[in-house]
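Numbering (UniProt numbering), first residue to last: 1 to 293.
Positions of the beta carbon are idealized from the N, C-alpha and C atoms, including for glycine.
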Amino acid sequence: RRSSDLAVDFRIFPRRYAKAETYGTGIMDFGVGAFVFANALVSPEARQKSKSIFHSKFTFVAKQFISVWPLVFLGLARLLSVKGIDYHEHLSEYGVHWNFFFTLAVVRILSSFLMALCPVSKTWVLSASIAMIYQWILETTNLKQFILHGSDGKDNRNGFINANREGLFSVFGYIAIYIAGVQSGLYIMKRRALVEDWIKMLPFLVLGTVVSWLLLYACEVCIEPVSRKLSNLTFVIWVVGQCFFFLILYMLADLVLVFAKMLSGVWNVPSSWNNSPELSQSSSTCSKSKTSG
Numbered sequence: 001r002r003s004s005d006l007a008v009d010f011r012i013f014p015r016r017y018a019k020a021e022t023y024g025t026g027i028m029d030f031g032v033g034a035f036v037f038a039n040a041l042v043s044p045e046a047r048q049k050s051k052s053i054f055h056s057k058f059t060f061v062a063k064q065f066i067s068v069w070p071l072v073f074l075g076l077a078r079l080l081s082v083k084g085i086d087y088h089e090h091l092s093e094y095g096v097h098w099n100f101f102f103t104l105a106v107v108r109i110l111s112s113f114l115m116a117l118c119p120v121s122k123t124w125v126l127s128a129s130i131a132m133i134y135q136w137i138l139e140t141t142n143l144k145q146f147i148l149h150g151s152d153g154k155d156n157r158n159g160f161i162n163a164n165r166e167g168l169f170s171v172f173g174y175i176a177i178y179i180a181g182v183q184s185g186l187y188i189m190k191r192r193a194l195v196e197d198w199i200k201m202l203p204f205l206v207l208g209t210v211v212s213w214l215l216l217y218a219c220e221v222c223i224e225p226v227s228r229k230l231s232n233l234t235f236v237i238w239v240v241g242q243c244f245f246f247l248i249l250y251m252l253a254d255l256v257l258v259f260a261k262m263l264s265g266v267w268n269v270p271s272s273w274n275n276s277p278e279l280s281q282s283s284s285t286c287s288k289s290k291t292s293g
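Structure, rendered in structure tokens:
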């Protein structure tokens, strides 16, 4: 994704790979959402590294203000460098002062706070609620027109909120994606000793993908198309569905590798299952039996 961010400023870069202006999808549109989802998938909440006691949860949230300082630093560095050398900017992407590093920092802090108020096992309800309430506000108020055209309808950039409206309000959609990623990570990151246990996880991912694509079609027809700029409900569903689909592909590839090693007796090729003591013991037994034979 970062290479695309740099290459998109050159004329030779195919425009079909660039971010959509208002509505539509592209590789870079998926990239920002997938980055947030991937971060959530291996977050402390997903790996259950945060404390389970209520008071300790808020202690964990307070620590997030410290843990995001590299993102804030990178965001400020990008802001100062871009403004300092007068580098070309697409203001309708995040705004005048905002950028994706700030979005990542804010999403991490706000998501941790919201999940401290909700049982971790029910975070999917929180994710869906945030996405649907935000979409309802977009449909029933002037917020959508404000994000797209500014307070005066002529892309006015006066004032901090007006100047950075795309970046500020898209945070709500990314929070929904992040929390959905945490819920997915709670299931995916469970310790599994046998390959059979990982195979049993495939139906969950397939079901999630199919349901997401069906909901995506319904939202496209009944509400509005995907919009990264608005970070609307359709965008959230699209990102989550695509992430589920790619997780299926990654798991199938890893399973093929594992079965290939089992058939060939070559167990020194790295894979995500090499860290399992049971599988390591099984591989050693298999190797010894082959040596004996």
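Within 10 angstroms of its Cβ, does residue i collect 16 or more other Cβ (buried), or is it exposed?
i, result
"Q135", "buried"
"G167", "buried"
"A77", "exposed"
"A62", "exposed"
"F160", "exposed"
"G153", "exposed"
"A260", "exposed"
"T86", "The sequence shown places Asp at residue 86, not Thr. It counts as exposed."
Are residue i and residue j touching if we call contact CB-CB under 8 Å?
i, j, result
"residue 299", "F244", "In the structure as shown, the chain begins at 1 and stops at 293. Residue 299 is therefore absent and cannot be evaluated."
"G241", "F37", "no"
"K229", "T103", "no"
"I248", "V206", "yes"
"G150", "N142", "no"
"I147", "F169", "yes"
If I'm right that residue i touches residue j with Cβ under 8 Å, what's the distance once you round it to whole angstroms?
i, j, result
"V68", "A40", "Not confirmed; about 14 Å, so no contact."
"A34", "V239", "6 Å"
"N164", "W98", "4 Å"
"residue 308", "L233", "Because residue 308 is not part of the residues shown, which for the chain are 1 to 293, the question remains open."
"I109", "F65", "6 Å"
"E89", "V82", "6 Å"
For residue i, I'd like the list of residues in its chain whose CB is within less than 8 Å of its CB, leaving aside the five on either flank, ordered along the chain.
i, result
"C118", "V125 and L126"
"V107", "V36, V171, Y174, I175 and Y178"
"L255", "V195, W198 and I199"
"M251", "W198, M201, L202 and L205"
"L79", "H97 and N99"
In its own chain, which residues sit with a C-beta less than 6 Å from the C-beta of residue i, not counting the 5 before and 5 after it?
i, result
"A46", "V182, G185, L186 and M189"
"L71", "F101, L104 and A105"
"F54", "With a pLDDT of 46 at F54, under the threshold of 50, the modelled position of that residue is not reliable, and the figure given next carries that caveat. Hits under 6 Å: none found."
"G293", "Confidence is the limiting factor: at G293 the pLDDT is only 49, short of 50, which leaves the residue's position unreliable and the question unanswerable from this model."
Go through its chain and collect everything with a Cβ distance to residue i's Cβ below 7 Å, but skip five positions before and after it.
i, result
"V96", "R157, A163 and N164"
"L214", "none"
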